[in-house]
Structure formats: C-alpha cells, structure tokens
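Residue numbers (the working numbering), protein chains in the order written: chain Z, 695 to 977; chain X, 7 to 316.
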C-alpha cells in the first residue's frame, strides 16, 4: 500500500478506529464500573456537583454478593449452561449429518430439502413463538428445560448444516473413495476420514451455536415461568426488577457475570467464531 | 455393532443387511437427514400451520376458540397501535440498516489496513455482537436512565445541554434511542463480515488502479464496492430479517412505550398474546410479518442462485 504522511494516517485511520473501539466498548465499561460501585454513589443525579461517574474510589462487591445470595442467579447460570450445551450438541450432530448428506450423497429431492433447510434458517423466532407456546404446552414441556433444548435447535441446525455443507464440499472426494476401496462402509468413511478433517468447521459451528443459544430470549421468556427454571437473560429481566424499581447494581452485576461464559468461550476461539460467523453469511 | 462377532450367524446376516441398506445413498441420506427434518418439522413447520389456524380463530389463553375467518386481521387493519407498530418497524429497519451498513463498511475498510494491535482490536470490536443482547441492552438502559444518565452528565459537563435529555421517556427520542442501540449492536457484525469479503479482494487490483492514477475514493467506488457487493447483499438481507423481527431491544428498553410509541411487530404481538391473553390476535400480528420476510427470503434465494450460476 502507498502510505501518506503520518498525520494523515492518524486522522483517517487511527483516530476513527479509537473512536469506534471507544463507543463499541463503553457500555461494557459502564457495566463493570456500576457493578463495583456502592449504591450511595450510584444514585446521584446527573447534575449533582462534584461527581465523577467514570471512576470509584470505594469499590464494593455488595452487588455481586446480593446477586449470588439473594437471587437464583447461580441456578440461572447452570440452567443456561445446560440448555445451551445440550442444544448445541444436538444441533452440531444434526448439522454434521445433514450437511454431509446434502454435500456428498445423491438422493431424490436433495435440492428441495437443502432449500427448505436454508429457508428455516431465515425464520425468526418472533414469527412462531405464540403457536409454539401452545404446542409446548400440549406436549407437556412447558416450564421445563426441554422446552428450550428441543426448540433451540430449530434456529441452530439450519446454520450448522449450512456451514458443514460448505466444509464437506471443500474436502476432496478421493479421500473418501480410498477408504471405501479399503473396505470401509460409507458411514465409517464419513466418521473416520471426513469428520476429523472437518473438526475446525465443527468447532466453529459449535461455538457460534453456543453463543446464539446463550443469547436467545423470547422462547425462554414465553416457555418458562417459574423463577428456578429461568435462563440468565430472562431471570435478570424478570427477577431483578420489582414493578418500576430497578436494582441497577445487582442488574449490572448479573449482566456482567452472565456475559462471562460467552466471553470466555469467544476469547479462546476468536478465529473459529469469526470463521463460523462469516461462513454463515457467505453460505 | 461390535457384539456381532460371537453370534456370527443371525447377527452377521442382520449386520450385512443393515450395511447394504446404508450403502445405498438414498437410505443413508434419509437416515442422516431424519433427525433434522423431524425437529424442523415439529417445531417450525407444524407451529407455522397452527399459527395460521390460530390467527383465523378467536382463541384466548385457556379457550380453544372457533374459526372466525379474517376477523382478527380486519380488526388489526383498524387498530391505530398496529398501524403505528407497522410504521415503526419499517422505519426502524430502514434507518438502522443504512447506518449499520455505512458504519460497518467504514470500520471494515479501516480494519483491512495494517496497524499495530489489529488482531486485538478485531477481537474486542465483536463484543457487542456476542454478549447476550438483553444483558448489554440493560447497560444502555442504565445509561439512558432519566435521572442518573451518564450521557446527560457528559453532555452537560461538556456544556452541550442544560436541561436533561429524556432518552426513553419522550416518544420520538425513545425510537431514536432504540435505533442507536440496534446500530451499536449491529455494526460489528457488518464490519467483520464485510472485512472477510474485503480480504478476498486482491491488493494487486488496487495497486494497478493506483498506478493508473485512480484516487482512493474512486478506487473504492470502482473496485472495492462492486467486488464486495455479493457479500454485502447477503449481510444486508440477513440483517434486515433479524431487524424487522426484532424483539429483545425494545422489550428491555421501552417495552413498546411510552404510550405505545416504540412498538414493533414482535413486541406488540407479545403484548397482545402474552400480556392480554388474546392468542389469536397476537398470532395474527406475528404472521403479518410473514409477507415481508417471505419477500426478503425470495430475493435472497434468487440472488444466491444467480451468483452460483454465474
């Protein structure tokens, strides 16, 4: 690239990037600072004199303590972990199977089924949550983790299938044929030859699916009702607000702690996550 | 499968028959696809059909209801709140999409250059997209708080305002605030997806054009933009669907208020169906999104087919 003078680089590249980073990350800083700030500092009007909202000299853990001792937050964390984990595993297995079938096998209506799965990928949860809540109730799944474990795959499988299909298509057919000549069945060739090569794809699909299920809100809001069944996003929304009163300290502590599992998974697998996300778009 | 060695007689035959079955591509495909088709059929196709039936009935919570034809849709047609929600949804989708695309593209172009700490910046920038929406939206709600808003504090300290801005309490401002949060959350997704597209464009093209005397802006317009268009199309269509059907942001920030000023399709459907218990009318509101979503999906399918056959 042709580089201009230094001030140009600062003006057109560095400063805009710094601004972007600042705006995109500020709400998270605000979450953290609110979590550790005592109530007496928290509830000071915006126009109070001598008030620095960006820092505290008296950090406290009282909000986190309240969250862990007075609310069911740790139960919600476990619920979410369980639901996100199981639905991710189900979706990845289904996605691998379906992706392999669509990428490698000849069978009637293959194109139609492929398009059908792609279309369900584009169905938003808000289109179906009302009839689905009826169905969940009729199946006696209401207010159990199964209501979510079985419905989350509906928006995870299509994406996993799509991603895995792309991966399988890129693996040369000859590899599989070699194994088949040596006497392996089709299923075994898939299991022992193709799957190990596709591990990065499986990881991407799994991580992306996990963060999506952790983020899901409306199904969890509608299908679960008792406090001890709730997931983190719903629990924080419904149990830390009493009428019009917001407990901002514990709320922000809940938002912060509730984000940590996703952030951790993400930080370990940034590259896989980005590959999954961009792969899901490129199709 | 492995236990078949001892009972070679019956087990062997059964095993070889099953093996033959799975050697047939059609049977194997069927077996591999069945869990997916079962789950999608049970929890997408089936609720879609019951949703349509529900929207044509007068069911409430606990009351099965009977067929009433298009009565729910007729009522919605004359419902001013529904009209407001429809208008809001279109404006919300249009405005945020334009800003997300413009800012996302700008950020992608910036990130496509070389600078120190690039990998770190890229990783941090995606945080608004990966952190659960409801949780980060609460941080925004707290920042928009009428009495304790840090934004108001900052603007006042900078001397920009002397009366408070009522971010979520004023009907027009509330819509703007919701849009700001949506843009904030969406820009990283656009930027990183478009960056992936940018990285497939060979720098040779830019160098050749630069040697021929093309200015940066015209290089962007005549090289980058056309080559990036396929990725851009898919990203935009995908994001339009998500934005059009959005729920979480509005639910947390305003719950459709003040005075129903910020309802979208989904939040209004939720309020009617779950809040008031009018299941059938709520289902009708949700389904009213369908024509638009269907159109976007068709465009996307046609576009993908065109790109693939080219």
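For every residue, glycine included, the Cβ atom is placed at its ideal position computed from N, Cα and C. Remember, it's a predicted structure, so these values are computed and weren't measured experimentally.
Distance, Cα to Cα, residue i vs residue j?
i, j, result
"residue 67 (chain X)", "residue 191 (chain X)", "35 Å"
"residue 71 (chain X)", "residue 63 (chain X)", "6 Å"
"residue 58 (chain X)", "residue 212 (chain X)", "53 Å"
"residue 778 (chain Z)", "residue 966 (chain Z)", "18 Å"
"residue 48 (chain X)", "residue 230 (chain X)", "44 Å"
"residue 867 (chain Z)", "residue 305 (chain X)", "32 Å"
"residue 206 (chain X)", "residue 120 (chain X)", "16 Å"
"residue 272 (chain X)", "residue 261 (chain X)", "11 Å"
"residue 803 (chain Z)", "residue 105 (chain X)", "41 Å"
"residue 880 (chain Z)", "residue 790 (chain Z)", "15 Å"
"residue 115 (chain X)", "residue 204 (chain X)", "8 Å"
"residue 830 (chain Z)", "residue 708 (chain Z)", "52 Å"
"residue 136 (chain X)", "residue 76 (chain X)", "41 Å"
"residue 90 (chain X)", "residue 269 (chain X)", "7 Å"
"residue 845 (chain Z)", "residue 214 (chain X)", "52 Å"
"residue 197 (chain X)", "residue 112 (chain X)", "8 Å"
"residue 948 (chain Z)", "residue 148 (chain X)", "13 Å"
"residue 752 (chain Z)", "residue 735 (chain Z)", "9 Å"
Check whether the Cβ atoms of residue i and residue j lie closer than 8 Å to each other.
i, j, result
"residue 199 (chain X)", "residue 103 (chain X)", "no"
"residue 930 (chain Z)", "residue 174 (chain X)", "no"
"residue 714 (chain Z)", "residue 133 (chain X)", "no"
"residue 750 (chain Z)", "residue 738 (chain Z)", "no"
"residue 847 (chain Z)", "residue 45 (chain X)", "yes"
"residue 916 (chain Z)", "residue 827 (chain Z)", "yes"
"residue 42 (chain X)", "residue 805 (chain Z)", "no"
"residue 159 (chain X)", "residue 927 (chain Z)", "no"
"residue 941 (chain Z)", "residue 951 (chain Z)", "no"
"residue 194 (chain X)", "residue 718 (chain Z)", "yes"
"residue 960 (chain Z)", "residue 905 (chain Z)", "yes"
"residue 298 (chain X)", "residue 243 (chain X)", "no"
What does residue i reach in chain X if we use C-beta pairs closer than 7 Å?
i, result
"residue 752 (chain Z)", "Within chain X, no residue comes near residue 752 (chain Z); the closest Cβ sits about 17 Å away, beyond 7 Å."
"residue 825 (chain Z)", "53, 56, 57, 60 and 289"
"residue 749 (chain Z)", "Simply none; closest approach about 12 Å."
At the 8 Å Cβ level, is residue i part of the contact set with chain X, yes or no?
i, result
"residue 953 (chain Z)", "yes"
"residue 977 (chain Z)", "With a pLDDT of 45 at residue 977 (chain Z), under the threshold of 50, the modelled position of that residue is not reliable, and no figure is offered here."
"residue 828 (chain Z)", "yes"
"residue 817 (chain Z)", "yes"
"residue 918 (chain Z)", "no"
"residue 700 (chain Z)", "no"
"residue 859 (chain Z)", "no"
"residue 773 (chain Z)", "no"
"residue 848 (chain Z)", "yes"
"residue 844 (chain Z)", "yes"
Could you check whether the Cβ of residue i sits closer than 8 Å to any Cβ belonging to chain Z?
i, result
"residue 32 (chain X)", "yes"
"residue 116 (chain X)", "yes"
"residue 207 (chain X)", "no"
"residue 138 (chain X)", "yes"
"residue 56 (chain X)", "yes"
"residue 280 (chain X)", "yes"
"residue 231 (chain X)", "no"
"residue 246 (chain X)", "no"
"residue 190 (chain X)", "yes"
"residue 3 (chain X)", "Any property of residue 3 (chain X) remains undetermined from this structure, which presents chain X solely from 7 to 316."
"residue 227 (chain X)", "no"
Since residue i and residue j are thought to touch, with beta carbons under 8 Å apart, how far apart are those beta carbons, to the nearest angstrom?
i, j, result
"residue 290 (chain X)", "residue 79 (chain X)", "6 Å"
"residue 903 (chain Z)", "residue 786 (chain Z)", "6 Å"
"residue 255 (chain X)", "residue 188 (chain X)", "6 Å"
"residue 907 (chain Z)", "residue 973 (chain Z)", "Incorrect: roughly 18 Å between the Cβ atoms, too far for contact."
"residue 258 (chain X)", "residue 154 (chain X)", "Not confirmed; about 17 Å, so no contact."
"residue 761 (chain Z)", "residue 944 (chain Z)", "5 Å"
Name, please, each residue of chain X whose Cβ falls closer than 8 Å to the Cβ of residue i.
i, result
"residue 739 (chain Z)", "153 and 154"
Quick one: which chain Z residues come within Cβ less than 8 Å of residue i?
i, result
"residue 127 (chain X)", "711 and 715"
"residue 42 (chain X)", "788, 789, 791, 792, 811, 851 and 855"
Which bits of chain Z does residue i rub up against, with CB to CB less than 7 Å?
i, result
"residue 296 (chain X)", "821"
"residue 149 (chain X)", "721 and 724"
"residue 134 (chain X)", "718"
Where the region 879-910 of chain Z meets chain A: residues whose CB sits under 7 Å from a CB there: Here chain A cannot be found, since the structure's protein chains are Z and X.
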